[in-house]
Amino acid sequence: MPEEARAAEVLRTYRGCTDSLIGNRRGLLVRAKDDRAFLRAMREAFAHHYLACPEYRQVCQRQGLLPSKFRRLEQLPEIPYLFVTVLKYNRLISVPESRIRLVLTSSGTGGQKSAIYLDGKSLQRIERIVSHIYADLGMVNRRRTNYLCFTYDPEVAQDLGTAFSDKLLTNLTRVAETFYCIRWDGQDWFVDRQGVLAKLERFQASGRPLRVLGFPAHAWDVLGKLVERRGRPFVFGPLSYVITGGGWKTLAGHEIPKPEFRARLGEWLGIPPANVRDLYGMVEHGVPYCECEFGRMHVPRYSRVFVREPESLRVLDWGETGILHFLTPYLHSFPAISLLTTDVGHLEPDCPCGRRSPVLVLQGRGGVTKHKGCAMAALEVLKS
């Protein structure tokens, strides 16, 4: 029987398993039976992309694992991967063109862009994934909340992954008002510092919770200077949060230690330092890895992370540092279900918070000079 026929049989057998996995609301609970559910979902996703994307099928044939041969949990690291930079130079889709609902790019004001193509099914799935993960972190509620976003104004930067991420995060509560701090003057981007101050004063007076989203370098620089100029901190209280993401790619050697970052942001905004959370993610993968109250990033049930030795690419054990390899079955419209990155980190099995999911410790964002993305471009705006 040809492999295409075998793959089609796998797809028929496991159809619906990805949606079943995502239907489980306990985003940060990963047990043995959840591993089996993840395996079934990956069998469905692997067979779908093998059949629907000719370029990915060629990758599978070169790397040597085919859908009909993928049956065990131990084989998860063997699912043929795409290197993250492939999406910067190749247009890969696994659905008819007419089904594409949204095209997102990873770069800011310059650099080679990764483009990803999302259909309605992928969009619905990631919205549910994000909601379930943050619900497990106690950050989903129906309170009317003000949002201050240190990211690009989506009215102009509609296709940027950061704009899409902010939309997902603002869906975690009811929205009172949203202000985007990086604005377009008709020629270039700029940080609207006066606008930030005016909005923070207004938001504080409203008595509503505040959520600050976006690039950490901007939150640190702008908020610190505004509070210094104001002469006193703001007071937003324990229902408010900071969720930063994007890293400090161009500030190598000048990173603010995370405990200091949490303490100072908490002081400036009048919120508990434990409510200052960092977020790791990439537009090519989509699944968020957000810190818990102990400052640890958790791997949810909807993805798996493997750590590989950079030269041999062998899979490393708990605590060993290497490059990060991500798997997720939710992507239906493009074949990045197995994605190898240049980012560096390690995994730990436990967290003091008690949540039963692995901890991802990020130790470096790879490809700083070659792969210029949103955070780097935004930092250039900050310096201007």
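Per the numbering used here, the very first residue in the sequence shown carries number 803; after that it's consecutive. For every residue, glycine included, the Cβ atom is placed at its ideal position computed from N, Cα and C.
Counted within 10 angstroms of its Cβ, other Cβ atoms place residue i as buried (16 or more) or exposed
| i | result |
| --- | --- |
| V832 | buried |
| R873 | exposed |
| D1152 | exposed |
| D990 | exposed |
| M1084 | buried |
| L1149 | buried |
| R1167 | buried |
| L875 | exposed |
| M844 | buried |
| V905 | exposed |
| P1110 | Inspection of the sequence shows that residue 1110 is occupied by Arg rather than by Pro. So R1110 ends up on the buried side. |
| T815 | exposed |
| A1065 | exposed |
| K1174 | Bear in mind that a pLDDT of 43 at K1174, under 50, signals an unreliable position, so the model cannot answer this. |
Helix, strand or coil at residue i [DSSP, three-state]
| i | result |
| --- | --- |
| F1096 | coil |
| V888 | helix |
| G910 | Only weak support exists for where G910 lies, its pLDDT of 46 falling under 50; the value from the coordinates is given anyway. Three-state DSSP puts G910 in coil, outside helix and strand. |
| C855 | coil |
| T980 | strand |
| L813 | helix |
| G1166 | strand |
| I902 | strand |
| A834 | helix |
| A917 | strand |
| A1177 | Bear in mind that the predicted position of A1177 carries a pLDDT of just 45, short of 50, making it unreliable; the figure below should be weighed with that in mind. If DSSP states are grouped into helix, strand and coil, A1177 belongs with the helices. |
| L823 | helix |
Selection from the options that minimises the alpha carbon distance to residue i
| i | options | result |
| --- | --- | --- |
| R944 | F952, R874, N973 and P1075 | N973 |
| R930 | C1094, I1045, R1110 and T820 | T820 |
| E846 | Q865, L813, Y852 and L830 | L813 |
| R1103 | G1097, G1124 and Y1132 | Y1132 |
| L889 | H1087, V1117, E1122 and G1121 | H1087 |
| V861 | P804, L1141 and A810 | L1141 |
| P1035 | P1059, E1003, R901 and L1015 | E1003 |
| T907 | P856, Q865, I984 and Y891 | Y891 |
| F1136 | R828, P1112, R859 and N826 | R859 |
| V1037 | I1045, G1047, F1063 and P1075 | P1075 |
| R901 | V1044, F885 and G922 | G922 |
| Q863 | G825, F840 and A809 | A809 |
| M1099 | L823, R827, P879 and I935 | I935 |
| A839 | S822, T1046 and K969 | S822 |
Nearest-angstrom beta carbon gap, residue j and residue i [assumed within contact, 8 Å]
| i | j | result |
| --- | --- | --- |
| D1145 | L1126 | 5 Å |
| E811 | L868 | Contact doesn't hold; Cβ gap of about 12 Å is too wide. |
| F1005 | L999 | Wrong, their Cβ atoms sit about 11 Å apart, outside the cutoff. |
| H951 | L894 | Looking at the sequence shown, residue 951 is not His but Cys. With a Cβ gap of about 30 Å, C951 and L894 do not count as contacting. |
Residue i CB to nearest heavy atom of the ligand SAH below 6 Å
| i | result |
| --- | --- |
| L823 | Because no ligand of any kind appears in the structure shown, any question about the ligand SAH cannot be addressed here. |
Could you name each continuous beta strand (DSSP E) segment of 3 residues or more that falls completely within the region 986 to 1073, going from the start of the chain to the end?
-> 991 to 993, 1012 to 1016 and 1043 to 1047
Which runs of the beta strand (DSSP E), 3 residues or longer, sit entirely within the region 1075 to 1160?
-> 1078 to 1082, 1106 to 1110, 1124 to 1129 and 1140 to 1150
Enumerated in chain order, which unbroken segments of the alpha helix (DSSP H) with a length of 4 residues or greater are wholly contained in the region 921 to 953?
-> 922 to 938
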